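K.L.:
Residue numbers (the numbering used here), protein chains in the order written: chain E, -7 to 308; chain H, 35 to 319.
Backbone N, C-alpha and C fix where the C-beta goes; we use that ideal spot for every residue, glycine too.
Owing to the predicted nature of the structure, the values given are computational and were not obtained by experimental measurement.
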Ligand SMILES: Nc1ncnc2c1ncn2[C@@H]1O[C@H](COP(=O)(O)OP(=O)(O)OP(=O)(O)O)[C@@H](O)[C@H]1O
Ligand SMILES: [Mg+2]
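(1) Answer yes or no: the CB of residue 187/E versus the heavy atoms of ligand 1, is any distance below 8 angstroms?
(2) Please list, in chain order, the residues of the stretch 132 to 145 of chain H that have any C-beta partner in chain E closer than 9 angstroms.
(3) Taking the alpha carbon of residue 132/E as the point to measure from, which residue in 73/E, 147/E, 9/E has its own alpha carbon closest?
(4) Does the stretch 216 to 230 of chain E come into contact with the stretch 57 to 75 of chain E, if we say contact requires no fewer than three beta-carbon pairs (one atom in each stretch) closer than 8 angstroms?
(5) How about residue 224/H: is its Cβ closer than 8 angstroms to a heavy atom in ligand 1?
(6) Any idea if residue 86/E is buried or exposed, counting beta-carbon neighbours within 10 angstroms, 16 or more meaning buried?
(7) Give the DSSP-derived three-state secondary structure of residue 307/E in the structure shown.
(8) What does the Cβ neighbour count give for residue 188/H, buried or exposed, with the cut at 16 atoms within 10 Å?
(9) With DSSP as the reference, please indicate the residues paired to residue 354/E in a beta bridge.
(10) May I have the straight-line CA-CA distance separating residue 243/H from residue 35/E, to the nearest angstrom?
(11) Go to residue 138/H, then tell me how far its alpha helix (DSSP H) extends in each direction, as first and last residue.
(12) Please say whether residue 204/H and residue 261/H have beta carbons closer to each other than 9 angstroms?
(13) Can you list, in chain order, the residues of its chain whose CB lies under 8 angstroms from that of residue 312/E, leaving out five sequence neighbours each side?
(14) At the level of alpha carbons, what is the spacing between residue 49/H and residue 98/E?
(15) Can you check whether the C-beta of residue 156/H is within less than 9 angstroms of a C-beta belonging to chain E?
(16) If you run the structure through DSSP and keep just helix, strand and coil, what is residue 75/H?
(17) Just reading off the alpha helix (DSSP H) that residue 92/H is part of, what are its end residues?
(18) Could you tell me which residues DSSP puts in a beta bridge with residue 148/E?
(19) Can you list, in chain order, the residues of its chain with a C-beta nearer than 6 angstroms to that of residue 203/E? Leave out the 5 residues immediately preceding and following it.
(20) Using a C-beta to C-beta distance shorter than 9 angstroms, which residues of chain H count as neighbours of residue 175/E?
(21) Around the C-beta of residue 154/E, are 16 or more other C-beta atoms found within 10 angstroms, so that it is buried, or is it exposed?
(22) May I have a chain-ordered list of the alpha helix (DSSP H) segments no shorter than 4 residues that lie completely inside the stretch 244 to 294 of chain E?
(23) How long is the line joining the alpha carbons of residue 286/H and residue 252/H, rounded to whole angstroms?
(24) Using 9 angstroms as the limit for Cβ to Cβ distance, is residue 248/H near chain E?
(25) Based on Cα-Cα distance, which residue from 206/H, 246/H, 270/H lies nearest to residue 149/H?
(26) List in chain order the residues whose CB is within less than 6 angstroms of at least one heavy atom of ligand 2.
(27) Does DSSP put residue -3/E in a helix, a strand or coil?
(28) Could you check whether the Cβ of residue 283/H sits closer than 8 angstroms to any heavy atom belonging to ligand 1?
(29) Among residues of its own chain, excluding the 5 on either side of residue 49/E, which ones have a beta-carbon nearer than 6 angstroms to its beta-carbon?
(30) Kindly indicate if chain H contains any beta-carbon less than 9 angstroms away from that of residue 145/E.
(31) Skipping 5 residues on each side, what residues in its chain have a beta carbon closer than 6 angstroms to that of residue 47/E?
(32) For residue 223/H, which residues in chain E fall below 8 angstroms Cβ to Cβ?
(33) Exposed or buried, residue 159/E, counting other C-beta atoms within 10 Å across all chains shown (16 or more means buried)?
(34) Alpha carbons only, please: which of 248/E, 170/E, 199/E is nearest the one belonging to residue 16/E?
(35) Using three-state DSSP, classify residue 111/E as helix, strand or coil.
(36) Check whether the Cβ of residue 82/E lies closer than 8 angstroms to any heavy atom of ligand 1, and answer yes or no.
And the structure:
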């Protein structure tokens, strides 16, 4: 039995088709990465899977229970860290965690020690009595994760869990996730815009405009792109783009995907006719996979939260 | 930062105890939030004070002996008690729209408990807060000659608790689908004053124009105000004519609706509205 099973899932908000029919399975114990540009429909899919939104079409099950007809059952098997904050700003950090522990029926005697452990992991133990409203954005995020990791569910959904966190905190959270994966049979469903996090996943699905455009292991995906990536900066990008019909403009410069980068660059210098000011060659990475499937780099899709079209238009 | 020992995977059992814990913590949170926010708690007491001591005292000079041997403010007290319960209960229900706007509602809605437990917790929380507030209003009542006995205090508290539960459930059923605080503010303004003005909270049900006497009988609040007033009047010694005028029986086509039935009606409405609210939240996005 799959931990998550999604068949022809659709969701529209009025005119907007957020999810346009996706199919995939996540195996028990798997860490499944969900990638895609802003607005691709990742969070919407998660909302349906955790019973917060109703699908407009298709079906889905989590831990073997249908997300429409067996909602209470589904909720007993899942845990979440949402993308948007879901803390009570007017309660203290400690009370937020206590509330969670009660709602999730944690054994009473385990609540106090666990609370201390998770707060220490995210470095908020000394602020446990402060109201959440006095926290910085990153501190709220840390508290949110601490709360999500107080107990372990069968299926753990993490929607961009570490966005905006400092490197040490991210590292210690990932350390925990690794141990969790090793010691427990837990399925982790993760969305992220960070490549290093995507690399940790057993399999990755890339979503764009409400559809799955790729689904495989990180290694297989990289192999499927197969080409080297040449990035150039020129003194006249517009002209260069005209002469290179296969090239894509990104925040890093003009990108070309070619079989043999080292052999291609000298030819490019000789034949382009537009002065090249900078050049780099890289072997396929997940970023390239992302780029080739969505037309954007992961970084591009992250630095423009909410307004990708606007910024993309500015750049053209 | 230290490393954290891994929590083992646990699937919470589907037990009544777990739902009871959820209900309790939802109530507790509402209480903590309310008593932390003293401004709100106090501002909700201003209204009954205004009604009783300002409006009541002012109108007394106008009505003079129209209320016979009893103080107009004693007459108004049951209505003021019910109205302040209405406001507090509805504001309590409204808090769920804030919870939604600030995201916290999601934390509750994905928990491994029945949605009905969350909603029940909210309704009980609202009822508890409104009843606590009513205790203070009842203290004010002592200054306007409400003839308290131990029995009357208990009766009033029980009636207020029942009423506030129903009203919070009513509020929850209304706000379930509302996503913006803005919208709910407007809606409440539209609802609250008409509900209290059309309930007989501030005037007796005798000698009303026909249209008004009909509307009043359709207002659920009427069936809560009347038992409260009847309880207070039972402790007053009054000539029958005055009693008839100030606290006439609540009738349907000339038939006296007994108090137990009025309270029963409020309870049935409370349960009905709870079911509506639960259904609404089960479909909620
Ligand atoms: N409540 C809603 N009402 C209307 N439209 C919505 C709603 N929620 C999401 N959408 C739309 O659905 C689409 C998908 O949004 P979603 O939040 O799933 O994207 P995402 O992949 O999680 O993006 P991001 O990387 O920015 O988190 C977007 O076009 C968004 O505008
Ligand atoms: Mg998202």
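P.N.:
To lay it out plainly:
(1) Translated into the one-based positions of the first chain, residue 187/E becomes position 195. No, since every heavy atom of ligand 1 falls outside the 8 angstroms radius drawn around the Cβ of residue 187/E.
(2) 133, 136, 137, 138, 139, 140, 141, 142, 143, 144, 145
(3) Residue numbering aside, residue 132/E sits at position 140 when the first chain is read from its first letter. Cα-wise, what sits closest to residue 132/E is 73/E.
(4) no
(5) The residue given as residue 224/H occupies position 190 in the second chain. No, Cβ of residue 224/H sits at least 8 angstroms from all heavy atoms of ligand 1.
(6) Stepping through the first chain from its first residue, residue 86/E is reached at position 94. So residue 86/E counts as buried.
(7) The count along the first chain starts at 1 and reaches residue 307/E at position 315. Reliability fails at residue 307/E, whose pLDDT of 41 lies under 50, so the model's placement of it is uncertain and the value that follows must be treated cautiously. Reduced to three states, the DSSP call for residue 307/E is helix.
(8) To locate residue 188/H, count along the second chain from 1; it is residue 154. Burial call: exposed.
(9) With chain E running from -7 to 308 in the structure shown, residue 354/E is simply not present.
(10) Numbered from 1 along the second chain, position 209 holds the residue referred to as residue 243/H. Numbered from 1 along the first chain, position 43 holds the residue referred to as residue 35/E. Between residue 243/H and residue 35/E, the C-alpha separation is close to 57 angstroms.
(11) Along the second chain, read from residue 1 onward, the residue named residue 138/H stands at position 104. Taken as a continuous stretch (DSSP letters only), the alpha helix (DSSP H) holding residue 138/H covers 138 to 143.
(12) In the second chain, residue 261/H corresponds to position 227, counting from 1. In the second chain, residue 204/H corresponds to position 170, counting from 1. Going by C-beta atoms, residue 261/H is not nearer than 9 angstroms to residue 204/H.
(13) Within the shown structure, residues of chain E are numbered from -7 to 308, placing residue 312/E beyond reach of any answer.
(14) Within the second chain, the letter at position 15 stands for residue 49/H. Within the first chain, the letter at position 106 stands for residue 98/E. Cα to Cα, residue 49/H sits roughly 13 angstroms from residue 98/E.
(15) Position 122 of the second chain, counted from the start, is the residue given in the question as residue 156/H. No, because no Cβ of chain E sits closer than 9 angstroms to the Cβ of residue 156/H.
(16) To locate residue 75/H, count along the second chain from 1; it is residue 41. It is helical.
(17) For this step, residue 92/H is matched to residue 58 along the second chain. Taken as a continuous stretch (DSSP letters only), the alpha helix (DSSP H) holding residue 92/H covers 90 to 97.
(18) Numbered from 1 along the first chain, position 156 holds the residue referred to as residue 148/E. Residue 148/E is bridged to 71/E, 180/E.
(19) The count along the first chain starts at 1 and reaches residue 203/E at position 211. Correct list, in chain order: 12.
(20) Numbered from its first residue, the first chain carries residue 175/E at position 183. Per Cβ cutoff of 9 angstroms: 40, 42.
(21) Working through the first chain from its first residue, we reach residue 154/E at position 162. It counts as buried.
(22) 253 to 263, 278 to 286
(23) As a first step, residue 286/H is located in the second chain; it is residue number 252 there, counting from the start. As a first step, residue 252/H is located in the second chain; it is residue number 218 there, counting from the start. Cα to Cα, the separation comes out at about 11 angstroms.
(24) As a first step, residue 248/H must be located in the second chain, where it is residue number 214. No - not a single Cβ of chain E is within 9 angstroms of the one on residue 248/H.
(25) One-based indexing of the second chain puts residue 149/H at position 115. Ranking 206/H, 246/H, 270/H by Cα distance to residue 149/H puts 206/H first.
(26) 34/E, 35/E, 75/E, 151/E
(27) Counting from 1 along the first chain, the entry for residue -3/E is found at position 5. Three-state DSSP puts residue -3/E in a strand.
(28) Within the second chain, the letter at position 249 stands for residue 283/H. Checking the Cβ of residue 283/H against ligand 1 gives no.
(29) The residue given as residue 49/E occupies position 57 in the first chain. Taken in chain order, the residues that qualify are 2.
(30) Numbered from 1 along the first chain, position 153 holds the residue referred to as residue 145/E. At least one chain H Cβ lies under 9 angstroms of residue 145/E.
(31) Mapped onto the first chain, residue 47/E falls at position 55. Excluding positions up to five away in sequence, the list reads 1, 3, 40.
(32) One-based indexing of the second chain puts residue 223/H at position 189. Correct list: empty, because the minimum Cβ distance to chain E is about 24 angstroms.
(33) Working through the first chain from its first residue, we reach residue 159/E at position 167. Counting Cβ neighbours within 10 Å, residue 159/E comes out exposed, since fewer than 16 surround it.
(34) Translated into the one-based positions of the first chain, residue 16/E becomes position 24. Looking at the Cα atoms, 199/E is the closest of the given residues.
(35) Stepping through the first chain from its first residue, residue 111/E is reached at position 119. Three-state result, residue 111/E: helix.
(36) For the purposes of this step, residue 82/E is taken as the residue at position 90 of the first chain. No - ligand 1 has no heavy atom lying nearer than 8 angstroms to the Cβ of residue 82/E.
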